[in-house]
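Each remark here refers to the structure printed beneath this line.
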Amino acid sequence: MLNTLTLKQALDKLARNECNLAEIYADTQKQVEATTDLNIYLTMNEGAVTEAQSQAGQPLGGLPVAVKDNFSTKGIRTTASSTVLDTFVPQYDATVTKRIKLAGGVVLGKTNMDAWAHGSSTETSQYGRTLNPRNPEHLPGGSSGGSAAAVAADTCIIAIGSETAGSIRQPSAWCGTVGLKPTYGRVSRYGVVAMASSTDSPGPIGKTVEDTAILLNHIAGQDPYDGTTSPRSVEDFTLALNQDIKGMKIGMIYFDKPELSPLKAIYEKELKVLEELGAHVEFAQARDPRQSIGVYTVVQRAEVSSNLGRYDGIRYGNDRSFFGEEAKRRIMLGTFTLSKGYSDQYYMLAQKVRTLFLQDFARLFEKYDVLVAPTAPGYAKKIGASDGSAMFGELEDMLLEPSSIAGLPGINVPVFRDGKTNLYLGLDIIAPMWQESKMIQVADAFEKNTNWNPWRNGAQK
Amino acid sequence: MLAATFAETLQVVEELKKVDVSGVEPTFQVTGLENVMREDVVDVDRMFSQDEALTNATASHNGYFVVPQIINQD
Amino acid sequence: MPLRKIPTGTLGEMELKNKMPNTYHTIIGMEVHAELKTATKMFCGCKNDPFFAPQPNIYTCPVCLGMPGGLPVANKKAIEWTIKLGLALGCQVNLFSHFDRKNYFYPDLAKGYQISQYDQPLCFDGKIETSFGDVRIRRIHLEEDTGKLQHTTIDGKKVSLIDFNRGGVPLIEIVTEPDIHSPEQAKEYAKKLRQILRFLNIADCDMEQGGMRLEANLSLSSDPKVLPNYKVELKNINSFRFLEKAIQFEERRHAELLSANQTPVQETRGWNDNKGETFSQRTKEDAEDYRYFPDPDLPPIRFTQLDIEKMRATLPELPSKMISRWQDQYGIEPKNSELLTEDKDKADWAEAIFKLAEKPNEVAKAIVNKKIIVKFSETAAEVIALYQQATQTDSVDETELKTTVETIISENPDAVVQYKAGKTQVLGFFFGQAQRKLGKKVDSQQLRSLFEEALRA
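Have a look at this one:
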């Protein structure tokens, strides 16, 4: 089935005329129909196949890309999984959308997510939860749960997600896919429904490290429409593939957390491969990620409460009465955090503790090339796990929040699969700011020298 | 119910107070970028036509957005 | 307790005036907003032309319409112009500043927050000199304008129509210390500020269109050194005359309340010119909580002292300097300079005329008093020619003149009686008669002295 091809494989096959776009789209469409129960897509692009034909031969070959529903797509409904935007059809593209199209990619459909990206389970979507394709009794993670599931279920060739603190890497870990969160400021946020403006990072979710590197090449780079994007030139990230990692220094962080002790042995065993490849791997002490929860919670909710102020139902969409419980909760806490008398206490304080994390990572990167950690504290949770817990998201993302608030790039690769449940564990590889190439190098080496990537030997079974 | 979830959230936030931040400057922008400005030139590509601007409006009238009048405001 | 309207005529103006200065001091601080005339809006590349837009909502985009994912990028020119204004008013410039979000809900505020400046305004600590004393400028900052609301009824329902052409237009805000102490001073301050804005060519300040908006915070105090514990905010004043009248009204209203041991309610009031009184608009609580925080979408701004000096070098000569230089260089009386220095273009045009004129101050006077009607499009040479034509005097024999004067006096005994009774404007009538009889244009100074002498007899 051609929908199970990776991006690289599909491009190669198309170039060699071993298959054509119509066939790829037909197989993809079949799979989309076969997996409607998973509730991956909210809106499909009716014109996808026609658009694809005119994009043949372009760098992304006219291939189908699943796009998280917080990216504006011109002429295609964009909801951020909230009924506030139930009827909203943007008259403009997000920069990421535009760049994908320019490179010849086609938006296949918009994927489900936690409403407004508030969450780590996709259970707060006002259009129903998405199920984990590896094991549908479990959640796909979030907030880019739909995109990760779209890749895992092979209902697209590659996908786009966004991360505020874990929202690309965590669902990628739970769904057994690769998820790449670029440096903050590497990829434009223009046209992406804003959540936490100071940490939001759009990025690719794909089947292999190579695939995500290819897509990153096309979406990265300064954007005059986003003043927080860096003028730094964008290197060819695929040059970091197939590289020797001999002599690289890798620090293992967070493994001393008591919650992780059941998994510690698994990770230690799997990470040996990096040593065999010549890298120096050792445990390192990082600042307690528990503190980052407070920082992230305060900063994110303050920015969220402000960013949601525009949804008054006048110029588009429905009014505020349509907000779900989670959104309301976050707005209230954000408002409270910023209100007079408290902003010095909480907001300023949070930004100061953020500096401490930046300093801590700077210290670590003086010694190490990259850092590795478990992406999530465990396997994908069962359906309903997030109910009743206000802090569910933040606790699940605890290991990812430090790098997010520091703006660092990180990539998730599958590191283990439980034979009984078919659920995955993820390995998070973190690099210094602007050094995505380093983490891609290590991630690619790991992927190619282990058997955990479902697509490693051609299309997955 | 809301109060309980609030409390849970606040507890985590209170943890922040235990951290020693003496002499530490807040970070509002991790990018370190400064002076990002644009030239004063009209961007014709991005401007909406009146139709585009109003196309998603809940209510519109003669080119305006319409909203029920709020009493007691200017 | 309802506000007692002071009936005119019952309490004489004089009585009231006597009551005021002896008992109360007026303390006023002003906030003025002016729209900058950049080509584009403050945070996006939409056209900045709200007043002359042929249709509503034709200059919008995802940013200024507050659509999902819209992001602001600052207009460099607007920032430079704000600093220029600060330099022109003798302000300090914050070398490091940033933008903040001011969060509140209103239909004309597309994003649910206004991007403004809270704790690090671009400029601070300046002053404007008035004839009543200096008015210190506390701060000047840059922000964006809201859309425009219009109230109407459609199908029997009361609705508001919103036009976002104006949403996002750069707005400069100038705040003074409470250094203004009279309605006249307030008016002079506002006029001087407008003059400078026009001179710098950064704002048109068309008050009727809302291109310049005046706000005054005022209170009365029995002790000039003690700031009162209340203040009333006068808002939505769109003319200098209304400003003056509104303040006058408020002075009387406050005086009356304070004399009755009552404190005026702390609130916002507008001016109703038809009724000739202020009216309550909405209660001003002790600063609505706007939950200010630095806008994470806009990196901060950092200037060097060199940057500032470069900007200072591009400042034009300011009105006050120009007026005193005209006095030194051309002998122009300041009262004639006022109208001619409304804006830079006019001033340059006038100076070109002075350079050519034999008697520059006379020409200035003639233009200002409309003795000659000139057009801005006319060249200096053309204006001088017009002036010469209008004031050309024929030389007339002194004897002939004296005879004519005596004849006119004897022919108009009633007019003579009026003149002797104190109505000196009758001289004008005499001049006219003289010119007619002579059939020539005579130097008015000469005529005047002859008539006065003859009438003294």
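Protein chains in written order, with the working numbering: chain A, 442 to 902; chain B, 498 to 571; chain C, -6 to 450.
Glycine included, every Cβ here is placed at the ideal spot set by N, Cα and C.
Given the structure is predicted, the values throughout are model-derived calculations rather than measurements.
Item: Which term fits P14 of chain C, buried or exposed, when burial requires 16 or more other beta carbons within 10 angstroms of its beta carbon?; Value: Below a pLDDT of 50, predicted positions are generally treated as unreliable, and P14 of chain C, at 43, falls in that range; the measurement from the model is reported next regardless. It is exposed - the Cβ of P14 of chain C has fewer than 16 other Cβ atoms within 10 Å.
Item: Can you tell me whether F192 of chain C is buried or exposed, with buried defined as 16 or more other CB within 10 angstroms of its CB?; Value: buried
Item: In chain order, what residues of the same chain lie with their CB nearer than 8 Å to the CB of Y17 of chain C, ignoring the 5 residues before and after it?; Value: L213, S214, S215, E244, H247, A248 and L251
Item: In its own chain, which residues sit with a C-beta less than 8 Å from the C-beta of D677 of chain A, not counting the 5 before and 5 after it?; Value: N658
Item: Going by beta-carbon coordinates alone, are T53 of chain C and A556 of chain B separated by less than 8 Å?; Value: no
Item: Between the alpha carbons of V533 of chain B and I72 of chain C, how many angstroms are there, rounded?; Value: 12 Å
Item: Under 8 Å between the Cβ atoms of G59 of chain C and A535 of chain A?; Value: no
Item: For a minimum of 3 consecutive residues, which ranges assigned as the beta strand (DSSP E) are wholly contained in the segment 177 to 245 of chain C?; Value: 205 to 214 and 225 to 230
Item: Would you say the beta carbon of K348 of chain C comes nearer than 7 Å to a heavy atom of the ligand PLP?; Value: Questions concerning the ligand PLP fall outside what the structure shown contains, since it holds no ligand whatsoever.
Item: Would a check of beta-carbon distances place G668 of chain A closer than 8 Å to chain C?; Value: yes
Item: Starting from the Cα of G851 of chain A, find the closest Cα among A:G867, A:D859, A:K861 and A:R858 and give me that residue.; Value: A:G867
Item: Closer than 7 Å, Cβ to any Cβ of chain B: which residues of the segment 152 to 172 of chain C, in chain order?; Value: V152, S153, L154, I155 and D156
Item: At the level of alpha carbons, what is the spacing between Y820 of chain A and K77 of chain C?; Value: 60 Å
Item: Under three-state DSSP, which class holds C116 of chain C?; Value: strand
Item: Taking only beta carbons into account, state which residues of the segment 127 to 141 of chain C come closer than 7 Å to chain B, listed in chain order.; Value: none
Item: Does chain C have any CB closer than 8 Å to the CB of Y631 of chain A?; Value: yes
Item: Might you give, ordered along the chain, the residues of its own chain that have their beta carbon closer than 6 Å to the beta carbon of R518 of chain A, omitting 5 neighbours on each side?; Value: T484 and V530
Item: Interface residues of chain C around T528 of chain B at Cβ under 9 Å?; Value: P292
Item: Return no unless some Cβ of chain A is closer than 8 Å to the Cβ of N553 of chain B.; Value: yes
Item: For L299 of chain C, does the count of other Cβ atoms within 10 angstroms reach 16, so buried, or fall short, so exposed?; Value: exposed
Item: Closer than 6 Å by C-beta to A343 of chain C: which residues in its own chain qualify, once you throw out the five before and the five after it? Chain order, please.; Value: L333
Item: Name the one or two DSSP bridge partners that L507 of chain B has.; Value: DSSP, once it has assigned bridges, lists no residue as partnering L507 of chain B.
Item: Would you give the residue range spanned by the beta strand (DSSP E) that M689 of chain A belongs to?; Value: Run containing M689 of chain A: none; DSSP gives neither H nor E here.
Item: Quick check for students: name the residue ranges of the alpha helix (DSSP H) that lie wholly in the segment 606 to 666 of chain A, counting only runs of 4 or more.; Value: 610 to 616 and 650 to 660
Item: Give the residues from the segment 21 to 38 of chain C that approach chain B closer than 8 Å (Cβ to any Cβ), ordered along the chain.; Value: T31, A32, T33, C37 and G38
Item: Using the C-alpha atoms, what's the distance from G587 of chain A back to K769 of chain A?; Value: 22 Å
Item: Near D667 of chain A, what residues of its chain come up, given a Cβ to Cβ distance below 8 Å and the 5 sequence neighbours on each side ignored?; Value: T536, S629, R630 and Y631
Item: If contact is defined by three or more beta carbon pairs under 8 Å, each pair taking one atom from either stretch, is the segment 544 to 551 of chain A in contact with the segment 498 to 505 of chain A?; Value: yes
Item: Just the chain B side, please: which residues come within less than 7 Å of P287 of chain C by C-beta, in chain order?; Value: F525
Item: Considering only the alpha carbon of each residue, which of C:I189, C:M200 and C:V225 lies closest to R338 of chain C?; Value: According to the sequence displayed, residue 338 of chain C carries Asp and not Arg. Among C:I189, C:M200 and C:V225, the Cα nearest to that of D338 of chain C belongs to C:I189.
Item: Whole angstroms is fine: what's the gap from Q786 of chain A's alpha carbon to F92 of chain C's?; Value: 21 Å
Item: Enumerate in chain order the residues of its own chain whose CB-to-CB distance from T400 of chain C is below 8 Å, with the five nearest sequence positions on each side excluded.; Value: K430
Item: Buried or exposed: which applies to G5 of chain C, given that a residue is buried once 16 or more other Cβ atoms fall within 10 Å of its Cβ?; Value: With a pLDDT of only 45 at G5 of chain C, under 50, the local geometry of the prediction cannot be trusted, and the value read off the model is given with reservation. G5 of chain C is exposed by the Cβ-count criterion.
Item: Measuring alpha carbon to alpha carbon, tell me which residue in A:V745, A:A467 and A:N890 is nearest L718 of chain A.; Value: A:N890
Item: Give the residues from the segment 47 to 65 of chain C that approach chain B closer than 9 Å (Cβ to any Cβ), ordered along the chain.; Value: Q48, P49, N50, I51, Y52, T53, C54, P55, V56, L58 and M60
Item: Cβ closer than 9 Å: which chain A residues qualify as neighbours of V541 of chain B?; Value: By Cβ distance, chain A contributes nothing, its closest Cβ being about 14 Å from V541 of chain B, past 9 Å.
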